[in-house]
C-alpha cells in the first residue's frame, strides 16, 4: 500500500457518506452556462 492510498482511505473514514439516489436536475441554458463558467451549480 502506498502513502497515497493510505491517505485516501483515511479521508474516506473521516467523512463517511452513503449514496441514496442519483438525480438529474434540468436547468435553463443560461444557468448551465454560468455554472459551467464558475465550475459549480
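Residue numbers (my numbering): 3 to 43. Backbone N, C-alpha and C define an ideal beta-carbon position, used for all residues, glycine too.
With a cut-off of 7 Å, does the C-beta of residue 37 fall near any C-beta of chain D?
Protein chain content of the structure displayed is limited to a single chain, and chain D is not contained in it.
Cβ neighbours of residue 41 in the same chain (closer than 6 Å, five flanking residues each side left out)
By 1-based counting over the chain shown, the position of residue 41 is 39. Here the set comprises nothing.
Work out the CA separation of residue 19 and residue 39 for me, nearest whole Å.
Within the chain shown, residue 39 is the residue found at index 37, counting from 1. Within the chain shown, residue 19 is the residue found at index 17, counting from 1. Spanning the two alpha carbons is a distance of roughly 28 Å.
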